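Chains as they are written, first to last, in this note's numbering: chain L, 81 to 237; chain C, 155 to 306.
Heads up, the beta-carbon is just placed ideally off N, CA and C, and yes, glycines get one too.
Here the structure is a predicted model, which means the values were calculated and not measured.
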Amino acid sequence: MSQTTRLPYLATAALSGLLFGAGLYVSQMVDPLKVLRFLDFGAVSTGGWDPSLAFVIVAAIGVMFVAIRIGRKRQAPAFDTAFNEPEFRRIDTPLVAGSVLFGIGWGMSGICPGPAISLIAFWPPDLLIFLLAMFVGSYAGALIIPSGRERRLAVAR
Amino acid sequence: MDSFSPIPALLGGALIGLASAVLWLGNGRIAGISGIFGQLLPPARTVVWRVVFLLALVLGTLAAAWLFPGLGVGGPGGKPADLVSAPAAWGISTPVWLAIAGVLTGFGTKIGNGCTSGHGVCGIARLSLRSFVAVGIFFSVAIVTVAVTGVV
């Protein structure tokens with residue numbers, strides 16, 4: 081039985097998912113229109129700008145920063161043999177191009193992948209279209225980047 | 155600025171940080187939703203925990219909406235969760251607008267290796283240069299996109 085199908089591992093994934101979903105609701109980042117009111121910098125001068133998203137991400141980074149420091153003092157996480165720390169280092173074209181394309185999609189919809197999934201809880205009209213499109217886009221992306229960890233590392237280092 | 159909500163934003167953000175911390179210190183995994191979602195597809199090797207995480211993500215949203223009703227959209231007492239309407243000036247129907255946005259989001263986060271959670275929260279916390287670049291780009295481009303499209 082692989083490490084990743086043991087009960088403590090799956091329970092940890094479930095707890096993390098529950099907390100993440102609760103965080104998206106409490107922070108209201110599940111609301112695409114609230115996200116767009118942050119991205120709408122044109123409203124700064126008229127007083128209609130909503131800086132909430134910045135507070136969300138700064139609080140999240142703060143907690144995670146501490147967790148990373150704690151993790152650095154350990155050999156391994158509690159329920160697996162090693163930390164899966166991304167080893168890519170190079171600022172390459174896929175990173176830049178992908179971030180540009182994601183930025184356009186995010187600005188058009190106010191939906192990033194986390195809220196896209198958590199919105200399933202409220203199932204607004206047309207969400208299914210966005211989810212299917214995101215799935216198709218992700219699959220198309222997987223076809224053009226090198227497959228396999230070793231090959232990816234070879235290009236990314 | 156009537157919609158600005160600093161306290162729920164800080165508490166919700168702390169919960170998202172805690173969720174990321176639990177997955178990292180427990181399983182050594184980055185809580186990046188685009189990655190967890192994107193690697194459900196073949197040739198994925200570890201599907202079970204990803205499905206568990208994503209189901210729990212939906213349940214967590216639902217549970218919080220019932221435990222803390224009326225914070226914003228969703229659940230009892232909340233406003234309905236609405237998606238954007240395509241800006242009229244562009245002459246595109248809303249479903250097509252959302253489909254384009256969805257494809258760009260899926261494709262972009264796949265080749266860029268992350269989204270707001272993976273790069274934005276975990277990557278910045280790890281002080282990853284790639285994540286600083288990605289976050290700088292997708293926030294800037296999203297802000298320009300909102301200005302250009304007039305979606306709000």
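Judged by DSSP secondary structure, residue 154 of chain L falls outside any alpha helix (DSSP H); it is assigned neither H nor E. The count of Cβ pairs closer than 8 Å, one atom from the segment 92 to 105 of chain L and one from the segment 202 to 218 of chain C, reaches three, so the stretches are in contact.
Note on geometry: alpha-carbon atoms of residue 217 of chain C and residue 224 of chain L lie some 38 Å from one another.
For residue 260 of chain C, the enclosing alpha helix (DSSP H) covers residues 248 to 265. Under the Cβ distance rule, residue 86 of chain L does not count among the residues neighbouring chain C, no pair being separated by less than 7 Å.
Annotated as proximal: residue 136 of chain L and residue 163 of chain C, with beta-carbon spacing under 7 Å.
Counting only the Cα atoms, residue 148 of chain L lies some 36 Å from residue 204 of chain L. If you draw a straight line from the Cα of residue 169 of chain C to the Cα of residue 140 of chain L, it comes to about 7 Å. Interface flag for residue 125 of chain L against chain C is unset, since no Cβ pair is found closer than 7 Å. For residue 227 of chain C, the secondary structure class from DSSP, reduced to helix, strand or coil, is strand. In this structure, residue 233 of chain C keeps its C-beta atom at 7 Å or more from the C-beta atom of residue 221 of chain L.
Within the DSSP bridge table, the entry for residue 114 of chain L names no partner. With the rule of 3 Cβ pairs closer than 8 Å, the segment 175 to 182 of chain L does not count as touching the segment 174 to 181 of chain C.
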